[in-house]
Structure formats: C-alpha cells, structure tokens
Amino acid sequence: MPTQETKGPFVRAMFAAIAARYDVANHFLSFGLDFLWRRRAARIVRAWQPKRVLDLATGSGDLALALRAACPAALVVGADFCLPMLRVAQGKGLGQLVVADGMRLPLADGAFDVVTVAFGLRNMESWPAALAEMARVLRPGGHLLVLDFSMPPVPLRWAYRPYLHHVLPRLAALLTGEKSAYDYLGDSIEKFPCGPAMCALIAGAGFAEANGERLTGGIVSLYTARRR
Ligand SMILES: C[S@@+](CC[C@H](N)C(=O)[O-])C[C@H]1O[C@@H](n2cnc3c(N)ncnc32)[C@H](O)[C@@H]1O
Numbered sequence: 037m038p039t040q041e042t043k044g045p046f047v048r049a050m051f052a053a054i055a056a057r058y059d060v061a062n063h064f065l066s067f068g069l070d071f072l073w074r075r076r077a078a079r080i081v082r083a084w085q086p087k088r089v090l091d092l093a094t095g096s097g098d099l100a101l102a103l104r105a106a107c108p109a110a111l112v113v114g115a116d117f118c119l120p121m122l123r124v125a126q127g128k129g130l131g132q133l134v135v136a137d138g139m140r141l142p143l144a145d146g147a148f149d150v151v152t153v154a155f156g157l158r159n160m161e162s163w164p165a166a167l168a169e170m171a172r173v174l175r176p177g178g179h180l181l182v183l184d185f186s187m188p189p190v191p192l193r194w195a196y197r198p199y200l201h202h203v204l205p206r207l208a209a210l211l212t213g214e215k216s217a218y219d220y221l222g223d224s225i226e227k228f229p230c231g232p233a234m235c236a237l238i239a240g241a242g243f244a245e246a247n248g249e250r251l252t253g254g255i256v257s258l259y260t261a262r263r264r
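So, in structure tokens, the structure goes:
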C-alpha cells in the first residue's frame with residue numbers, strides 16, 4: 037500500500053491501468069447501484085440551482101454527465117489528474133475537462149457555486165488539504181457534495197467485509213486484470229472516515245452545515261456542506 041508521499045503517483049498509475057475497464061467493473065461490482073448513487077447526488081445539486089459546477093476527480097465522467105442532465109443551464113467542469121480516465125470522459129461527450137491534481141487546482145479562488153467529488157476524496161493524499169482546496173475554489177456560501185464508500189454498521193458490516201476483501205477483488209481481477217487496484221479499494225474504504233468523523237473533517241476545512249446521509253445501508257455515504 038502507498039505511503040502519503042507515494043499515494044498520488046500510485047493512484048494515478050492505478051486508474052491509468054484500469055481506465056478502459058473502469059465503468060464495466062463499477063457497474064458490475066456495484067450491481068448497478070452506482071447509477072442510483074450518482075442520480076441522488078445530481079438531484080441534490082439541482083436543488084442548489086448552480087451556474088458553475090466543478091466535478092473533481094471526475095474520472096470517466098459519469099457524475100459530470102448526471103450533473104449536466106440535472107442542471108442543463110449550468111457549466112459543468114470535470115477535473116482529474118489521470119489523463120486516460122479523462123479520455124474515457126471525453127469519449128462520452130464531456131467537453132469541459134481539466135487535467136488537474138485536486139491537491140493543487142489550477143483554478144481561481146471562488147470560481148464555482150458547487151464542488152462535487154465522487155469516490156475521489158478517499159484516494160487523495162491528504163483529506164484535510166484536499167477539502168481546503170475545494171473550499172478555496174468555491175465562492176462563499178457555495179456548496180460541497182462528497183460521495184464515497186463507507187463501512188456499513190453492524191450487522192451488514194459482517195457480510196460486507198468478506199465481499200469487499202475477498203469476493204470483489206477476485207471478480208474485479210477477472211474484469212480488469214488488475215486485482216491489486218481492488219485490494220487497495222477495500223483497504224482505502226476501511227481507513228476512510230465516515231459519518232460524524234467525516235462531517236468533522238469537512239467542518240475543519242472551512243465548511244458549515246456539514247451533514248451526512250447513508251445510502252444502500254451505509255456502504256456509501258453522501259455528505260453536503262456550505263463554504264463559510
Ligand atoms: C474511483 S474514480 C471516481 C471517478 C468518478 N468520480 C466516478 O464517480 O466514477 C477516482 C478518480 O479520482 C481521481 N483522483 C484521485 N486522486 C486525485 C487527485 N489528487 N487529483 C485529481 N484526481 C484524482 C482518479 O484519477 C480517478 O479518476
């Protein structure tokens with residue numbers, strides 16, 4: 037597993053290796069639930085009526101596409117530091133794409149009304165620093181939405197752990213040829229804060245009204261907050 041210093045290059049190389057098969061693996065391994073999670077996120081963003089949205093760690097662009105459909109009047113910009121993933125997004129018709137590291141965004145202060153990050157924050161080398169960077173590019177009062185995996189509460193946790201650590205990496209190896217990426221996935225989910233701990237992390241990075249909701253029994257969590 038990578039150290040904090042090697043996490044960025046490790047994660048970028050890992051997604052470059054699975055980019056072509058990422059969507060298939062995602063939809064198959066989540067039993068199609070990932071569409072519902074992103075649709076829920078897009079509905080929340082629509083209610084904020086943004087003009088400019090940054091979808092950070094946009095990857096193959098599925099959340100950016102859902103946001104574009106939900107907010108047709110908004111400019112939706114996708115940013116990611118993995119070019120092969122952005123090429124997949126481009127192939128789906130997304131045009132506003134930026135190659136950028138979430139730890140050092142080449143974007144102006146206060147440039148966006150909304151920042152979203154789906155299944156991306158967990159992979160960044162410093163969660164507080166990445167959240168602070170998201171706060172920087174948001175206008176005061178702008179909204180943050182974080183969607184990511186979380187460990188569900190007991191008793192679902194007992195059934196989920198064997199799936200996450202044993203079944204999922206083997207299935208993923210068949211689909212992508214890259215078992216190690218999915219060994220990393222389980223470890224990263226175990227380490228990633230969720231619930232009140234994630235709300236505290238978000239609040240500490242310059243946000244107010246941090247709130248979390250569990251989706252699908254808690255295997256995914258969705259957080260919202262407003263930049264102070
Ligand atoms: C699991 S994929 C999620 C993609 C997409 N948001 C989705 O919902 O399917 C994680 C993405 O985060 C990107 N990522 C990880 N760390 C990043 C960073 N520091 N800066 C920019 N992108 C990053 C990876 O390149 C990858 O495309």
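Residues in the sequence shown are numbered consecutively from 37, following the working numbering. All residues carry an ideal CB built from backbone N, CA and C; glycine is no exception. Values in this document were obtained by computation on a predicted structure and should not be read as measured data.
query: The stretch 203 to 218 touching the stretch 144 to 151, judged by at least three CB pairs closer than 8 Å; result: no
query: Assigned secondary structure, Arg264 (DSSP; H/G/I helix, E/B strand, else coil); result: coil
query: Rounded C-alpha distance that separates Val150 from Met234; result: 19 Å
query: Pair within 8 Å by beta-carbon distance, Val134 and Ala115; result: yes
query: Span of the beta strand (DSSP E) around Thr39; result: That residue, Thr39, is in no beta strand (DSSP E); it is neither H nor E in DSSP.
query: Between the CA atoms of Arg264 and Ala236 - distance to the nearest angstrom; result: 14 Å
query: Every unbroken beta strand (DSSP E) within the stretch 143 to 180, with a cutoff of 3 residues, ordered by chain; result: 148 to 154
query: Bounding residues of the beta strand (DSSP E) (the contiguous stretch that carries Glu249); result: Phe243 to Leu251
query: Distance between Ala77 and Thr260 (C-alpha atoms, nearest Å); result: 10 Å
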